[in-house]
Amino acid sequence: MNYPALLSFVCGFASLSLEILWVRLYSFAKLSTPAAFGFVLLAYLLGIALGAHGGARACRRAPGDARLWYYSIVALLLSALTSLALPALFGWMTANGLQNPILDILTIAVASSALAFVFPIAHHLGTRQLLERQGHRFALVYTSNVTGAALGPLVTGYILLEHLSLQQSFLVISIAQLAAAIFFALAIRGTPRRMAMAGAGVALAGVVALSGAGLDPHVLVQNLNQTGERATKVIENRHGIITLFEGKNGDDAVYGGNVYDGRTNLSPERNTNGLQRPLLMAALQPQPRRVLMVGLSIGTWLALVNEFPGVEQVDVVEINPGYLSAAQAYPLQARALKDPRVNVVVDDARRWLRHQPERRYDLIIMNTTWHWRSSISLLLSTEFLQLMKSHMTLGAVLSFNATGSGDAFLTASKVFAHAYRYGNFVYAADFDFRGRKDTVASRDLYRGLRLFDKPLFASPSTTIDRFLLQPFITLDTAQRAYERPFEVITDHNMITEFKYGRTLY
5 MNYPALLSFV CGFASLSLEI LWVRLYSFAK LSTPAAFGFV LLAYLLGIAL GAHGGARACR
65 RAPGDARLWY YSIVALLLSA LTSLALPALF GWMTANGLQN PILDILTIAV ASSALAFVFP
125 IAHHLGTRQL LERQGHRFAL VYTSNVTGAA LGPLVTGYIL LEHLSLQQSF LVISIAQLAA
185 AIFFALAIRG TPRRMAMAGA GVALAGVVAL SGAGLDPHVL VQNLNQTGER ATKVIENRHG
245 IITLFEGKNG DDAVYGGNVY DGRTNLSPER NTNGLQRPLL MAALQPQPRR VLMVGLSIGT
305 WLALVNEFPG VEQVDVVEIN PGYLSAAQAY PLQARALKDP RVNVVVDDAR RWLRHQPERR
365 YDLIIMNTTW HWRSSISLLL STEFLQLMKS HMTLGAVLSF NATGSGDAFL TASKVFAHAY
425 RYGNFVYAAD FDFRGRKDTV ASRDLYRGLR LFDKPLFASP STTIDRFLLQ PFITLDTAQR
485 AYERPFEVIT DHNMITEFKY GRTLY
């Protein structure tokens with residue numbers, strides 16, 4: 005067996021797997037800020053450079069292959085240990101307010117350096133013999149590393165993170181490195197020293213397995229929750245991390261990627277989650293036969309939309325199936341999902357709509373997340389709003405949560421003839437719909453709204469007046485209140501994520 009090539013494969017597989025896990029961990033801690041990926045890449049590559057430099061020095065100074073194999077096995081054992089210890093340390097530092105870029109770079113760099121130390125050794129061991137075939141042996145070692153590096157993200161990103169928690173995924177990669185260290189210690193002419201190292205590896209594997217079995221599988225996520233509270237439920241899959249927090253009177257909060265995503269409240273009187281925003285769509289389009297919702301969240305808005313007069317079909321496009329699971333814990337939201345008029349599609353909205361060119365909607369409600377989060381430009385850009393417009397019927401209205409972004413407001417105004425802000429929502433159409441908001445008809449419609457056969461609004465109540473008297477804000481008014489000129493968002497400039505996005509520190 006070509007042991008150096010196998011060693012190179014293990015390095016590539018484990019290194020890229022750990023990088024995927026560190027991106028998930030750090031991005032969650034930094035609230036899905038786009039710059040998080042680049043920061044992890046910088047720190048990880050720095051660790052690889054330092055580790056590879058150390059491995060090259062070891063190759064020059066080692067008296068023979070036996071010593072290099074010893075170094076490699078020790079490095080694998082250290083990497084297995086740091087694969088668990090450093091994420092826990094990072095979580096502890098973040099939870100205790102020790103958020104410093106230098107500390108974080110050092111933590112991530114150390115995590116990648118041990119495996120990088122092994123990589124030049126694997127090349128050295130694989131090519132120093134049989135001089136006439138060095139090119140062939142070098143190719144085997146290098147190809148093995150590339151193969152491992154390709155398989156690592158696939159296995160980790162599509163299998164481990166889909167079926168295991170982040171904590172458990174780190175544990176699996178740690179155990180894989182321990183197993184590799186034990187294998188090489190026994191396979192490479194087992195000397196007493198290597199046998200002792202194999203025994204140490206077995207003991208360490210036992211400790212790792214036992215410690216992992218006793219831990220909360222979501223301990224890393226719980227330590228990094230931005231609320232500082234313990235989530236009552238955590239849903240982790242390859243699409244992201246969803247956390248649920250208990251609220252008063254059943255008004256639970258849902259967070260996606262460690263940022264607020266909605267609440268379970270369905271009472272306009274309590275209105276802890278801005279229900280006036282989706283409800284306004286019922287007044288602006290009194291008879292919406294077909295409705296499109298982009299983003300489900302916990303399903304609260306879906307429960308309201310189902311009760312709009314005239315609704316015959318609701319298509320919901322949600323990229324993360326974890327929200328469907330989360331909604332099942334809440335009777336009203338779960339009931340809304342079971343409505344025969346509701347068609348839930350788990351897919352990317354842009355891709356799905358491009359494959360459904362014939363579909364047209366009277367209402368489109370985009371339950372968008374914060375305008376500075378990673379990839380949000382794909383939902384706020386001119387290109388996406390134009391795609392939405394192509395799926396709207398004559399007289400249709402679109403709404404989305406701009407989360408305070410004037411750039412998103414301006415972008416909508418460039419695509420539609422009329423765009424106005426109501427709270428932090430932008431409403432857009434090719435006709436002036438403002439006259440439909442505060443009318444006798446809209447008040448009667450609100451009074452007639454029911455939620456599963458019960459009146460939605462209390463009687464008597466001033467809530468309807470408060471909702472309908474809240475004014476629309478024009479683009480000019482919003483611009484005068486802002487310190488810089490608004491700019492149009494495109495798929496290419498991604499200005500809400502980078503140019504005007506949230507900083508890491």
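If you're matching positions, the sequence shown starts at 5 in my numbering and goes up one per residue.
Don't be surprised by glycine CBs; every beta carbon is placed ideally from N, CA and C.
Who are the Cβ neighbours of residue i in its own chain at under 8 angstroms, not counting the five residues just before and after it?
{"i": "V263", "result": "L35, S36, Q230, T373, W374, R377"}
{"i": "W356", "result": "V321, V349"}
{"i": "P221", "result": "L168, S169, Q171, Q172"}
{"i": "L391", "result": "R354, L357, R358"}
{"i": "F476", "result": "Y424, R425, Y426, Y431, R438, K441"}
{"i": "F41", "result": "V27, S31, S378"}
Kindly give me the distance between the Cβ atoms of residue i and residue j, rounded to whole angstroms, as I take these residues to be in contact under 8 angstroms.
{"i": "A9", "j": "S148", "result": "4 angstroms"}
{"i": "Q181", "j": "A18", "result": "5 angstroms"}
{"i": "I368", "j": "L296", "result": "5 angstroms"}
{"i": "A338", "j": "Q332", "result": "5 angstroms"}
{"i": "V419", "j": "T467", "result": "Contact doesn't hold; Cβ gap of about 32 angstroms is too wide."}
{"i": "S500", "j": "A400", "result": "Looking at the sequence shown, residue 500 is not Ser but Thr. Not quite, the Cβ-Cβ distance comes to about 25 angstroms (not below 8 angstroms), so this is no contact."}
{"i": "E273", "j": "L453", "result": "Wrong, their Cβ atoms sit about 13 angstroms apart, outside the cutoff."}
{"i": "G261", "j": "F32", "result": "6 angstroms"}
{"i": "L54", "j": "A113", "result": "7 angstroms"}
{"i": "G251", "j": "T151", "result": "In fact, because the Cβ distance is near 49 angstroms, the residues do not count as touching under 8 angstroms."}
{"i": "G326", "j": "I246", "result": "5 angstroms"}
Distance, Cα to Cα, residue i vs residue j?
{"i": "L279", "j": "R267", "result": "10 angstroms"}
{"i": "A189", "j": "A39", "result": "40 angstroms"}
{"i": "E166", "j": "E240", "result": "7 angstroms"}
{"i": "L22", "j": "S329", "result": "28 angstroms"}
{"i": "L81", "j": "G254", "result": "47 angstroms"}
{"i": "A153", "j": "Y7", "result": "17 angstroms"}
{"i": "F388", "j": "R354", "result": "7 angstroms"}
{"i": "G505", "j": "N371", "result": "20 angstroms"}
{"i": "L449", "j": "T407", "result": "27 angstroms"}
{"i": "N428", "j": "A445", "result": "25 angstroms"}
{"i": "V492", "j": "A60", "result": "50 angstroms"}
{"i": "R281", "j": "R484", "result": "23 angstroms"}
{"i": "F456", "j": "V349", "result": "24 angstroms"}
{"i": "L306", "j": "S87", "result": "41 angstroms"}
{"i": "F249", "j": "G299", "result": "20 angstroms"}
{"i": "L270", "j": "F471", "result": "15 angstroms"}
{"i": "L85", "j": "F502", "result": "35 angstroms"}
{"i": "A191", "j": "T304", "result": "58 angstroms"}
{"i": "L155", "j": "L164", "result": "12 angstroms"}
{"i": "G58", "j": "R71", "result": "14 angstroms"}
{"i": "V14", "j": "F121", "result": "13 angstroms"}
{"i": "L144", "j": "V223", "result": "40 angstroms"}
{"i": "L414", "j": "P489", "result": "10 angstroms"}
{"i": "S12", "j": "G51", "result": "17 angstroms"}
{"i": "S403", "j": "Y486", "result": "22 angstroms"}
{"i": "G244", "j": "N324", "result": "7 angstroms"}
{"i": "D469", "j": "S417", "result": "28 angstroms"}
Using a Cβ-Cβ cut-off of 7 angstroms (strictly less than) and excluding sequence neighbours within five positions of residue i, which residues of its own chain qualify?
{"i": "T111", "result": "L90, L93, F94"}
{"i": "P124", "result": "A56, G59, A60, C63"}
{"i": "L107", "result": "M97"}
{"i": "M2", "result": "This structure gives no information on residue 2, because the portion of the chain shown stretches from 5 to 509."}
Could you pull out every residue in the same chain whose Cβ sits closer than 6 angstroms to the Cβ of residue i, ignoring the five residues on either side in sequence?
{"i": "I24", "result": "P157, T160, G161"}
{"i": "T397", "result": "R364, D366"}
{"i": "N347", "result": "D319"}
{"i": "D265", "result": "V258, Y259, S301"}
{"i": "H422", "result": "A433, D436"}
{"i": "L383", "result": "T372"}
{"i": "N227", "result": "G95, A99"}
{"i": "R294", "result": "Q317, Y365, D366"}
So, does the CB of residue i fall closer than 7 angstroms to a CB anywhere in chain B?
{"i": "R294", "result": "Going by chain labels, chain B is absent from the structure shown, which holds only one protein chain."}
Please find out if some non-hydrogen atom of the ligand NAP comes closer than 6 angstroms to the beta-carbon of residue i.
{"i": "D366", "result": "Only the bare structure without any ligand can be found here, which leaves the ligand NAP out of the picture."}
Length-filtered (3 minimum) beta strand (DSSP E) runs lying within the segment 217-252: The segment 217-252 contains these whole beta strand (DSSP E) runs: 237-241, 244-249.
Completely contained alpha helix (DSSP H) runs for the segment 426-463, where each covers 4 or more residues: Listed in chain order, they are 444-452.
Stretch-stretch touch, CB-based, cutoff 8 angstroms, three pairs: the segment 75-91 with the segment 115-130: Note that the segment 75-91 touches the segment 115-130; at least 3 beta-carbon pairs, one per stretch, sit closer than 8 angstroms.
Every unbroken alpha helix (DSSP H) within the segment 376-428, with a cutoff of 4 residues, ordered by chain: Whole alpha helix (DSSP H) segments, 4+ residues: 381-384, 386-394, 410-419.
Touch test, the segment 275-292 against the segment 477-484, Cβ-Cβ under 8 angstroms, three pairs minimum: No, the segment 275-292 does not touch the segment 477-484.
The segment 307-325 contacting the segment 335-347, beta-carbon criterion three pairs below 8 angstroms: The count of Cβ pairs closer than 8 angstroms, one atom from the segment 307-325 and one from the segment 335-347, reaches three, so the stretches are in contact.
Alpha helix (DSSP H) runs wholly inside the segment 128-198, at least 4 long, in chain order: Counting whole runs of 4 or more residues, the segment 128-198 contains the alpha helix (DSSP H) stretches 138-159, 170-191.
3-residue-minimum beta strand (DSSP E) runs that sit fully inside the segment 251-298, ordered along the chain: You should have 257-260, 263-267, 294-298.
In chain order, each beta strand (DSSP E) run of at least 3 residues that lies wholly inside the segment 313-342: Listed in chain order, the beta strand (DSSP E) elements of length 3 or more contained wholly in the segment 313-342 are 317-322.
Whole runs of the alpha helix (DSSP H) within the segment 51-96, excluding any shorter than 4 residues: As summarised for the segment 51-96, there are no continuous alpha helix (DSSP H) elements at least 4 residues long confined to that stretch.
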